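Novice: The working numbering puts the first residue of the sequence shown at 40, with every later residue one more than the last. A virtual CB, placed ideally from N, CA and C, is assigned to each residue, including glycine. A quick note: this is a predicted structure, and the numbers were derived from the prediction, not measured. What follows is a single structure, and I will ask about it in a moment.
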Amino acid sequence: LGKLFGVMYVTKEMIALPSILCVYLYWLGGVSAENLAYLIGGWAVLVVYVSMLGIHCGMTYANSRSAVGVSLGCVFFLFLGIVTCMVIMVSFSGSFGGQLAPFLAFILGGGIGLYVTLGMRNPSPAIMIASFLLPFLTFFAITSFILHKELTVFLVTAVAYGFSTTAMMIPAIFEFDIAMGRTKLADED
40 LGKLFGVMYV
50 TKEMIALPSI
60 LCVYLYWLGG
70 VSAENLAYLI
80 GGWAVLVVYV
90 SMLGIHCGMT
100 YANSRSAVGV
110 SLGCVFFLFL
120 GIVTCMVIMV
130 SFSGSFGGQL
140 APFLAFILGG
150 GIGLYVTLGM
160 RNPSPAIMIA
170 SFLLPFLTFF
180 AITSFILHKE
190 LTVFLVTAVA
200 YGFSTTAMMI
210 PAIFEFDIAM
220 GRTKLADED
């Protein structure tokens, strides 16, 4: 947790400015108090997720350039894939059968891509579950946003990214305990 808070301290301006902008929009009357709470809460969840993603990649990849590329690529391609799914939905709006195959291919491809980048070097069942659920749940959250279901967006975002953050945090804590000598492996005496 110390590394996580350290990352957030270093990037405090990038965290605080969007939150200040949300409060400013509330002050102008652009968002309600309820939506302000959803915005700031969702922003906090995403900040913790992205920070933990950077730490997870930094601990997994020996080369810092690879770690930075993988962590930025995960976030970029997750949202790029979701936007592509949204375009597919709009393009094939008359035919559910025409939408289903490309939609499932993008969601499944996104899950496989996330698992390869996040869990291949440090496998964990929780990372596998998070990798395959995250693209679908992000798509669901964006679709709910378009349908003006703000509470659903907040809850799905908090659960999906909160679980993914926890899934990445557990192997990092375990690795830290082994490095400090607090935990012994099965073959050590």
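1) Is the distance from the Cβ of S110 to the Cβ of I79 below 8 angstroms?
2) Mind checking whether F179 and C124 have CB atoms under 8 angstroms apart?
3) Rounded to a whole number of angstroms, what is the C-alpha to C-alpha distance between T205 and A140?
4) Tell me the rounded alpha-carbon separation between L194 and S103.
5) Taking the Cβ atom as the reference point for each residue, do Y96 and A106 lie within a distance shorter than 8 angstroms?
6) Give me the residue from F171, I185, M128 and L92 with the minimum Cα distance to G148.
7) With distances taken Cα to Cα, identify the nearest neighbour of Y88 among F202, I209 and P210.
8) Mind checking V126: buried by the 16 CB within 10 Å criterion, or exposed?
9) Let me make sure I understand the geometry here. Which of T196, G158 and A197 has the alpha-carbon closest to that of T99?
10) If we count the other Cβ atoms within 10 Å of its Cβ and call it buried at 16 or more, is M53 buried or exposed?
11) Taking G81 as the reference, give the member of A144, P174, V155 and L190 with the closest Cα.
12) Are the beta-carbon atoms belonging to I94 and V46 less than 8 angstroms from one another?
13) To the nearest angstrom, how far is it from the Cα of Q138 to the Cα of C61?
14) Can you tell me whether DSSP reads L186 as helix, strand or coil?
15) List the whole-angstrom C-beta distance separating F142 from G120, where the pair is believed to meet the contact cut-off of C-beta under 8 angstroms.
16) Output needed for K42: all residues of its chain with C-beta closer than 6 angstroms, excluding positions within five of it in sequence on either side, in chain order.
Specialist: Looking at the coordinates:
1) Using a Cβ distance threshold of 8 angstroms, S110 and I79 do not count as a contacting pair.
2) No. Outside cutoff.
3) T205 and A140: Cα-Cα distance of roughly 31 angstroms.
4) Those two C-alpha atoms are separated by around 33 angstroms.
5) Rather than Tyr, the amino acid found at residue 96 in this sequence is Cys. Yes, they are a contact pair.
6) When only C-alpha atoms are compared, the closest one is F171.
7) Answer by Cα proximity: F202.
8) Of the other Cβ atoms in all chains shown, fewer than 16 fall within 10 Å of the Cβ of V126; this residue is therefore exposed.
9) If we check each option's Cα against that of T99, G158 comes out closest.
10) The residue in question, M53, is exposed, as its Cβ has fewer than 16 Cβ neighbours within 10 Å.
11) Ranking the options by Cα distance to G81, first place goes to L190.
12) Annotated as proximal: I94 and V46, with beta-carbon spacing under 8 angstroms.
13) The alpha-carbon atoms of Q138 and C61 are separated by roughly 35 angstroms.
14) The three-state reading of DSSP puts L186 in coil, since its state is none of H, G, I, E or B.
15) Rounded, the Cβ-Cβ distance is 11 angstroms, inconsistent with contact.
16) Taken in chain order, the residues that qualify are I94.
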